[in-house]
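In order, the protein sequence lines correspond to chains E and H. Residue 77 is where the first sequence starts when you use our numbering, and the numbers rise one by one after that. Residue 3 is where the second sequence starts when you use our numbering, and the numbers rise one by one after that. Heads up, the beta-carbon is just placed ideally off N, CA and C, and yes, glycines get one too. Everything below concerns the one structure shown next.
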Amino acid sequence: KEKHKILHRLLQNSTSPVDL
Amino acid sequence: PESADLRALSRQLCLSYHRHFPLTKSKAKAILSGKTHGNSPFVIHDMKSLTAGQYFINCRQLPVLERQRSVLPPEEPAGELELSVFRRLQFRSAEAVQEVTEFAKSIPGFTELDMNDQVILLKYGVIEVMTTMLAPLMNKDGTLFAYGQIFMTREFLKSLRKPFCEMMEPKFEFAVKFNVLELDDSDMALFFAVIILSGDRPGLVNVKPIEDLQETVLLALELQLKTIHPDCPQLFAKLLQKMTDLRQLVADHVRLIHLLKKQEVQMCLHPLLQEIMRDLY
Numbered sequence: 077k078e079k080h081k082i083l084h085r086l087l088q089n090s091t092s093p094v095d096l
Numbered sequence: 003p004e005s006a007d008l009r010a011l012s013r014q015l016c017l018s019y020h021r022h023f024p025l026t027k028s029k030a031k032a033i034l035s036g037k038t039h040g041n042s043p044f045v046i047h048d049m050k051s052l053t054a055g056q057y058f059i060n061c062r063q064l065p066v067l068e069r070q071r072s073v074l075p076p077e078e079p080a081g082e083l084e085l086s087v088f089r090r091l092q093f094r095s096a097e098a099v100q101e102v103t104e105f106a107k108s109i110p111g112f113t114e115l116d117m118n119d120q121v122i123l124l125k126y127g128v129i130e131v132m133t134t135m136l137a138p139l140m141n142k143d144g145t146l147f148a149y150g151q152i153f154m155t156r157e158f159l160k161s162l163r164k165p166f167c168e169m170m171e172p173k174f175e176f177a178v179k180f181n182v183l184e185l186d187d188s189d190m191a192l193f194f195a196v197i198i199l200s201g202d203r204p205g206l207v208n209v210k211p212i213e214d215l216q217e218t219v220l221l222a223l224e225l226q227l228k229t230i231h232p233d234c235p236q237l238f239a240k241l242l243q244k245m246t247d248l249r250q251l252v253a254d255h256v257r258l259i260h261l262l263k264k265q266e267v268q269m270c271l272h273p274l275l276q277e278i279m280r281d282l283y
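Here's what the structure looks like:
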């Protein structure tokens, strides 16, 4: 899960913009 | 499934395609064929026009803000031309990953899949989808960029120093062949869903529900192609063959990026793209 934490966040969070 | 259900699925995915992707095939086609009434893209064909074009991009970030994108390209550090072009391309790619993710989540049943499987499907599918998405933005002479505001010529991209000049050329070759198929927006939407729902990606735990979802989308795609392109009975088979080409194309792309990472001291890969490309092929 740690290896893909941004992808996990993108998948779980639909509304707030992801801080890249 | 009944054909009415399949048509409803096609409609739903087409709507999602229009909602999540800022430059659809139909919009790109209008721009490339000069049907946008005086709003033609700024052409980048050499270093001078690149410098002017960068300013032009910065001036026209408004539509991006209007779509409530919070992330803007970072201030361009002074540096080499090739690295600067590459930085811009990868910034846009990271945004496109977010768009593809939102599209994937809109595929009926996708969010009910095992979370780790969703990650794997995206990790392996996203660059294939992005490469396919690039095809309608391209013609044999160049590619649209920055939401269709820029047209960068193929010759200019080829004139960049090695290995940067090798990055886009295989995509042009793929695009020219892919564009012959003349898919429309709704065909593209279904094709993207088929790519994402590939049950043979390495590391998937629960393959059956993924294959079931893909089967339904494939039926919808087959029905749609038969209906919209009755003059081309081989279209469905031809399109499925493109999936093999895409895998090779992405594997080559990832190899090139890994090479760049080793060779270019100044190059820093976007964290999201890094995450996707790590251990991918």
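Given a threshold of 16 other Cβ atoms within 10 Å of its Cβ, counted over all protein chains shown, does H:Lys125 qualify as buried or as exposed? buried
Kindly list, in the order they appear in chain E, the residues whose Cβ is closer than 8 Å to that of H:Thr229. The contacting residues do not exist; H:Thr229 stays about 32 Å from chain E at best.
How about H:Leu139 and H:Gly150: do their beta carbons lie closer than 9 Å? yes
N- and C-terminal bounds of the beta strand (DSSP E) containing H:Thr155: 152–155
For H:Met117, which residues in chain E fall below 9 Å Cβ to Cβ? Going along chain E in sequence order, the residues near H:Met117 (Cβ under 9 Å) are Lys77, His84, Leu87, Gln88.
Measuring alpha carbon to alpha carbon, tell me which residue in H:Pro110, H:Glu157, H:Ser108, H:Phe153 is nearest H:Asn41. H:Phe153
For H:Lys142, collect the residues of the same chain with a Cβ closer than 6 Å to its Cβ; drop the 5 residues on either side in sequence, then sort them by chain order. Val178
So, is H:Lys29 buried or exposed, given that buried needs 16 or more other C-beta atoms within 10 angstroms? buried
Local Cβ density within 10 Å of H:Pro232, reported as buried at 16 or more and exposed below that: exposed
Which one of H:Pro24, H:Ile129, H:Phe166, H:Asp189 has the shortest CA to CA distance from H:Gln265? H:Phe166
For the candidate residues H:Thr38, H:Ile46, H:Glu130, whose alpha-carbon lies nearest to that of H:Glu157? Nearest C-alpha to H:Glu157: H:Ile46.
Do the region 173–192 of chain H and the region 89–96 of chain H meet, that is, are 3 or more Cβ pairs less than 8 Å apart? no
Amino acids of chain E, ordered along the chain, whose beta-carbon sits closer than 8 Å to that of H:Glu277: Lys79, His80, Lys81, Ile82, Leu83
In terms of alpha-carbon separation, which member of H:Leu25, H:Glu168, H:Ala137, H:Val99 lies closest to H:Val121? H:Val99
Would you mind giving the Cβ-Cβ distance between H:Gln250 and H:Asp189, rounded to the nearest angstrom? I have them listed as a contact below 8 Å. Rounded, the Cβ-Cβ distance is 22 Å, inconsistent with contact.
Within 10 angstroms of its Cβ, does H:Val207 collect 16 or more other Cβ (buried), or is it exposed? exposed
In chain order, what residues of the same chain lie with their CB nearer than 6 Å to the CB of H:Phe147, ignoring the 5 residues before and after it? Met154
Have a look at H:Gly201 and H:Ser12 and give me their C-alpha separation to the nearest angstrom. 20 Å
According to DSSP, what are the bridge partners of H:Thr145? H:Met140, H:Met154
If H:Ile230 and H:Asp186 are in contact, beta carbons under 8 Å, what's the gap, nearest whole angstrom? 7 Å
Return no unless some Cβ of chain E is closer than 9 Å to the Cβ of H:Thr155. no
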